[in-house]
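One structure is given below, encoded as structure tokens.
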Amino acid sequence: MKRYALITTIIFVLVSCSSFSTDETDENIVDSVNEESVNEVTTTTVASPSQTIPEYQFDIDKMSPLTGKYISQEQWLLRPRRVISFKIDNNINARPQSGLEMADLVYEVLVEGGMTRFLALFLDSSSDYLGPIRSARPTDPTLVKPFSSTLVVSGATEGLIPSIRELGVNVLEEQNSPTMFRIASRNAPHNLYADTELVRNIIDSKGYIFLQPGPPPIFEFGYDQSNWYIDGSKITIKYSDQTTVIWKLDGTIYNRFVIDSYSNSDDPEAHNWISQDGFTSGIFTTETIVVIQGVQYRDEATTLPSILTVGLGPVYVFNNGQMLEGTWRRSDIDDPFELYDTYGEPIIIPPGKQWIHVLPLEGSITVSN
13 MKRYALITTI
23 IFVLVSCSSF
33 STDETDENIV
43 DSVNEESVNE
53 VTTTTVASPS
63 QTIPEYQFDI
73 DKMSPLTGKY
83 ISQEQWLLRP
93 RRVISFKIDN
103 NINARPQSGL
113 EMADLVYEVL
123 VEGGMTRFLA
133 LFLDSSSDYL
143 GPIRSARPTD
153 PTLVKPFSST
163 LVVSGATEGL
173 IPSIRELGVN
183 VLEEQNSPTM
193 FRIASRNAPH
203 NLYADTELVR
213 NIIDSKGYIF
223 LQPGPPPIFE
233 FGYDQSNWYI
243 DGSKITIKYS
253 DQTTVIWKLD
263 GTIYNRFVID
273 SYSNSDDPEA
283 HNWISQDGFT
293 SGIFTTETIV
303 VIQGVQYRDE
313 ATTLPSILTV
323 GLGPVYVFNN
333 GQMLEGTWRR
343 SDIDDPFELY
353 DTYGEPIIIP
363 PGKQWIHVLP
373 LEGSITVSN
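Going from the sequence shown to this note's numbering is simple: count from 1 and add 12.
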């Protein structure tokens, strides 16, 4: 059993209603650390016994814990059903990705070289062609633990998989999943794909325990956005000098563009997905953007860049041309993020697809038209 002392740093920058940045946040770091900013995370060894599934009745009032949307009776009758999280590549050789557009929820997380990768969470949705799937990173288990989710990866740096399992997160690697497959049209390591439902069957056969009847909602969902304010239609999120993500509002949907070290120019390039047969493609979209900022650190065992996701820090939420800023709070990796506005009131997230950016404090967010 390991215990991790997580020292959180509080940074909260009040900004004007049109744009903001965290480029100079180091000067605002609170020097002292009080009892609230040190959280002991107790880890447990993962258990994988078979579990008796209780009878589960359809409830018309139930909604998806990942999107906040009401789900159909057909979907609800599939309950209990586990959340599965896939680590998805974002290298230029992995683009356009496939199946990521079908995920119920997407996390975007910093990795080495100032680049990013994705965590695609599936509960009510599915994809028969998802990838490319890549290796785990230290921040991943801290994001999927609240959902009792199995993490599906190609592998990981030596020693990381046992550490993830010690946190109580089940991991399925390529070598243990005959349902994952590599395609000949792309070079390794950017060519590992899977059918999410075949992977689900493998995980179910292993008898991993998961939350029943289901995980808690990732956020507090609802339609009360009376305290939100109208802002610009273009959101620029800079992870590093190597990676900038731009979301542009189109009606009520945000379209994704990127400028990174793979780009041929300084102009944003549309970030697209493609179907397995290559005949269908489109730009990645989302309905709500959540930016959670945390302290960046080097994981002690692997030296890989990681983001602290326990404690508190700035949060920015965007939906339909409106935004709200505030603070995220979280006492343990078992808990969902709690979001509060600048008055200390809970932030209510509109139901729909969420794209969550886990951004280092050194990153920046700019809003414009």
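From the three backbone atoms N, C-alpha and C, an ideal C-beta is built for every residue, glycine too.
Check, Outcome
"Local conformation of F98 per DSSP, three classes", "strand"
"4-residue-minimum alpha helix (DSSP H) runs that sit fully inside the segment 198-270, ordered along the chain", "208-218"
"Identified DSSP bridge partners for A282", "F269"
"Beta-carbon contacts of A168 that lie in its chain and below 7 Å, excluding the five residues immediately before and after", "S147, A148"
"Among S76, G364, S287, nearest to S139 - alpha-carbon criterion", "S287"
"Reduced DSSP category for I361 - H, G, I as helix; E, B as strand; rest coil", "strand"
"Residue nearest to T248 in terms of C-alpha spacing, selected from Y266, G234, F231, Y241", "Y266"
"Cα-Cα separation, D311 to P317", "6 Å"
"Beta-carbon proximity list for P190, same chain, < 8 Å, skipping 5 on both sides", "I214"
"Three-state secondary structure (DSSP) of T154", "helix"
"Environment of A196 [buried if 16+ CB atoms lie within 10 Å]", "exposed"
"Beta-carbon separation (whole angstroms), Q366 vs V302, contact threshold 8 Å", "6 Å"
"Burial state of G80 (16 or more Cβ within 10 Å)", "buried"
"A132 - DSSP class collapsed to helix/strand/coil", "strand"
"Ordered list of beta strand (DSSP E) runs contained in the segment 167-197, each at least 3 residues", "183-185"
"Nearest residue (CA-CA) to I96, options Q308, P227, G125, L89", "P227"
"Straight-line Cα distance separating M75 from A115", "16 Å"
"Classification of T321 by the beta-carbon crowding that lies within 10 angstroms, buried from 16 upward", "buried"
"DSSP three-state assignment for S380, whether helix, strand or coil", "strand"
"Residues bridged to D353 [DSSP beta-bridge criterion]", "G338"
"Contact under 8 Å by Cβ, S166 with L204", "yes"
"Exposure of V379, with buried meaning 16 or more beta-carbon neighbours within 10 Å", "buried"
"A282 versus I295 - alpha carbon distance", "6 Å"
"Cross-strand partners of F330 (DSSP beta bridge)", "I301, M335"
"Range of the contiguous beta strand (DSSP E) that encloses Q288", "No beta strand (DSSP E) contains Q288, which DSSP labels as neither H nor E."
"Proximity of Y300 and I361 at Cβ, strictly below 8 Å", "What sits at residue 300 in the sequence shown is Thr, not Tyr. Yes, these two residues count as a Cβ contact at 8 Å."
"Reference P158, options E170, V121, M127, R94, closest by Cα", "R94"
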